[in-house]
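Numbering (the numbering used here), first residue to last: 134 to 396.
Structure follows, in structure tokens:
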């Protein structure tokens, strides 16, 4: 399983908003995530949390472009293919791909055909297709049953293939919390193996999210224990990626599991 570290250069992300607005602090965080064992770092410039005001492309890219430029200037281009950009703006995705990033994390579930056409033109880029109904997330807009997510993935993957995106480019993400309430989120995790049937890799972004309030009343930044336990379950169920805040804890937990599994 690969660990995707989270870097939000936003003022209003639900867990770490406002911590990495300064470019120097963002670079420190990025380097720390890689040093702690992240295989990939996902950088977001606009929050899609409940009630957030979405940024337009120009506002978003002013943040993302500055972060990517600083990283390239300090660390070179070697790890740019291990950078993911969290965006639903195809123009931001285009600029990021031109920069050399290897992943586009589309939280809009591919609703913009321009994004799909862009990914189809760049076969070396991995495309995270995250299920969502509306952006930003809205607690009043939920699926009626978890099976709807599977059905929508089947339809969307057909569309992706018709537009020229190959299955080995696509990483599907069931979008924990974006269209599911707490009990539905746990149901998705319990049945995560079902999403392997599509022939793509699978990513889960469950870190510190509100569904964990079923377990604890601690604030988001203190939910890493619950997050790691869920990640170990996902590891046992052949999930390919977890997108998390606390990379160090995950790296240590996975190393322990690897040692325990030795025969």
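Backbone N, C-alpha and C fix where the C-beta goes; we use that ideal spot for every residue, glycine too.
Using a Cβ distance threshold of 9 angstroms, residue 306 and residue 335 count as a contacting pair. Beta-bridge analysis with DSSP links residue 175 to 139, 217.
A residue is called buried once 16 or more other Cβ atoms fall within 10 Å of its Cβ, and residue 273, having fewer, is exposed. Between the C-alpha atoms of residue 345 and residue 311 there is a straight-line separation of about 14 angstroms. In this chain, the alpha helix (DSSP H) harbouring residue 384 covers 380-393. Straight-line measurement puts the Cα of residue 240 at about 21 angstroms from the Cα of residue 199. Membership of residue 238 in the beta strand (DSSP E) is indicated by the continuous run 236-239. Three or more beta-carbon pairs drawn from the stretch 289-299 and the stretch 245-252 are found closer than 8 angstroms, and the two stretches are therefore classed as touching. In this structure, residue 179 and residue 158 do not form a Cβ contact; the two beta carbons are roughly 18 angstroms apart against a cut-off of 8 angstroms. The continuous stretches of alpha helix (DSSP H) do not include residue 351, and DSSP gives it neither H nor E. In the DSSP assignment, residue 336 falls within the unbroken beta strand (DSSP E) covering 334-337. A contact is defined here as three or more CB-CB pairs under 8 angstroms, and the stretch 219-230 fails this definition with respect to the stretch 315-325. Non-local beta-carbon contacts of residue 184 in its own chain, meaning distances under 8 angstroms to residues more than five positions away in sequence, involve 269 in chain order. Around the beta-carbon of residue 163, 16 or more other beta-carbon atoms lie within 10 Å, marking it buried. If you draw a straight line from the Cα of residue 379 to the Cα of residue 187, it is about 25 angstroms long. Counting along the chain, residue 262 sits inside the beta strand (DSSP E) bounded by residues 259-263. Going by DSSP, residue 282 is part of the alpha helix (DSSP H) stretching over 280-295. Remark: C-beta atoms of residue 216 and residue 177 do not approach each other more closely than 9 angstroms.
In this model, residue 165 and residue 174 are separated by some 10 angstroms (Cα to Cα).
Comparing alpha carbon positions, the residue from 271, 265, 233, 242 closest to residue 255 is 233. Classified as exposed, residue 257 has fewer than 16 neighbouring CB atoms from the shown chains inside 10 Å of its CB. Sorting 377, 368, 359 by C-alpha distance to the C-alpha of residue 394 places 368 at the top.
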